[in-house]
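In this note's numbering, the protein residues as written are 1 to 352.
Idealized CB from N, CA, C, for every residue including glycine.
Following: one structure in structure tokens, then a few remarks.
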Ligand code: NAP
């Protein structure tokens, strides 16, 4: 492909790729983040970034939890790559902003007006982002308040922010919208479902969604390193889980033995929602032959999962956590509305 044809405006945004030539925006090292809408692009003014949990944890750990260093670190990634694409975890996040300009080729095609407030539903790893300044970092939630601009391609996805949910809460939910949407597809009545990382954002929504679907004959087992967090207590008190297992999922044998002790038949479905690496084999060993493991976690290694399952001779279907499922934003927001205790918890934690 010639350089000229690569520069031609493309709905998938390949015209923004600087390095390496021929890459797609997501796997490119560097994007052109010039904050001007081309004819097939949408320019947004951005004021909040939600860094995905695996990425934020890695950055926060590398910066000893220091807000100023985290801000400088993120600024540095975006300056170098033209996008918030963590080179260690390979993951990104999403943004909230206002539509500033819609390229002339898209005006008729998109149901969007300048000035509308939206959340992006495509990863920051492929979103050209220009940061002017960083105002605030919230270490507890992984949110960063900035002055900046971002580009959505013609193929990009976004959601208008709901009017009945606080926008910071909506951001937290939309970040993990793929999880409850896939749970709704994968859970059946009577299933035993294990949710690893149950007391995080996606874990809580997954537990609530699974519990509603498995019915009286089914069972939801939440797993997290402690049952003392407010989220874990809420899951237990409001019966969003039937059992809560305190376990470190990196300790493969300890978790799988604890699970086998309370559910010898093992899980029909295991949902991995953790933000740390090396939990693939525990997820596989919690799952019965013929069952399914849904790896929502961005810390998942394909190699560890594939070779791990082979190594222990477990015939399970393993699903990569596609961040997109048709209707996922609406499903995730509705999951929140349907479960007032979880909505109240999200309000306490994220609505500020
Ligand atoms: P979160 O709110 O930070 O929750 C992470 C959960 O993992 C917490 O419950 C945490 O427990 C638990 N955890 C951490 N270490 C653990 C361990 N060793 N054993 C068991 N549990 C452990 O994260 P989130 O926002 O829900 O995101 C979850 C994962 O999905 C992350 O990897 C994130 O990057 C990824 N993600 C994927 C997509 C996608 O499209 N597939 C989109 C967005 C995010 P404690 O709170 O007790 O530490």
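Only buried fits residue 272, as 16 or more other CB atoms lie within 10 angstroms of its CB. Taking one beta carbon from each stretch, the segment 149-157 and the segment 55-73 have fewer than 3 pairs nearer than 8 angstroms; the two do not touch. The way I'd put it, the segment 120-130 does touch the segment 13-30; three or more beta-carbon pairs between them come closer than 8 angstroms. Nearest Cα to residue 252 within the set 309, 212 and 231: 309.
Each residue's CA atom was taken as its position, placing residue 300 and residue 319 some 11 angstroms apart. Taking 6 angstroms as the cut-off, the C-beta of residue 348 does not count as close to any heavy atom of the ligand NAP. In the three-state DSSP reduction, residue 138 falls in the strand class (E or B).
For residue 280, the enclosing alpha helix (DSSP H) has its first and last residue at 280-285. For the pair residue 167 and residue 148, the CB atoms are not nearer than the 7 angstroms cut-off.
Boundaries of the beta strand (DSSP E) harbouring residue 269: 267-272, taken from the DSSP string. Taking the Cα positions, residue 142 is about 14 angstroms away from residue 64.
When distances are taken from the beta-carbon of residue 61 to the heavy atoms of the ligand NAP, even the shortest one reaches 6 angstroms or more.
If one requires a minimum length of 4 residues, the alpha helix (DSSP H) runs lying completely within the segment 49-121 are 53-62 and 67-81, in chain order. Straight across, the Cα-Cα distance linking residue 230 with residue 287 is about 27 angstroms. When C-alpha distances from residue 172 are compared across 336, 247, 81 and 283, the shortest belongs to 336. Counting C-beta atoms within 10 angstroms of its own C-beta, residue 340 has fewer than 16 neighbours from the protein chains shown and is therefore classed as exposed.
DSSP places residue 216 in the coil class of the three-state scheme, outside both helix and strand. Counting along the chain, no alpha helix (DSSP H) covers residue 160; the unbroken beta strand (DSSP E) around it starts and ends at 158-160. Nearest neighbour of residue 174 by Cα position, chosen from 211, 13 and 331, turns out to be 331.
Counting only the Cα atoms, residue 210 lies some 15 angstroms from residue 333. Each of 34, 204 and 115 was checked against the Cα of residue 343, and the nearest Cα belongs to 204. Listed in chain order, the non-local C-beta contacts of residue 106 below 7 angstroms within the same chain comprise 40, 42 and 154, local neighbours out to five positions each way being set aside. Distance between residue 235 and residue 199, taken at the CA atoms: about 8 angstroms. The closest CA to that of residue 119, considering only 347, 178, 241 and 94, is found on 94. With 16 or more neighbouring CB atoms inside 10 Å of its own CB, residue 31 falls in the buried class. Set against 6 angstroms, the gap from the CB of residue 250 to the closest heavy atom of the ligand NAP is smaller. Residue pairing by DSSP puts residue 150 in a beta bridge opposite 44 and 129.
Between residue 321 and residue 178, the gap from beta carbon to beta carbon is short of 7 angstroms. Apart from the 5 residues on each side of it in sequence, residue 270 sits with its Cβ closer than 6 angstroms to the Cβ of 194, 283, 286, 287 and 293 in its chain, given in chain order. Secondary structure note for residue 245: its beta strand (DSSP E) is the uninterrupted segment 243-246.
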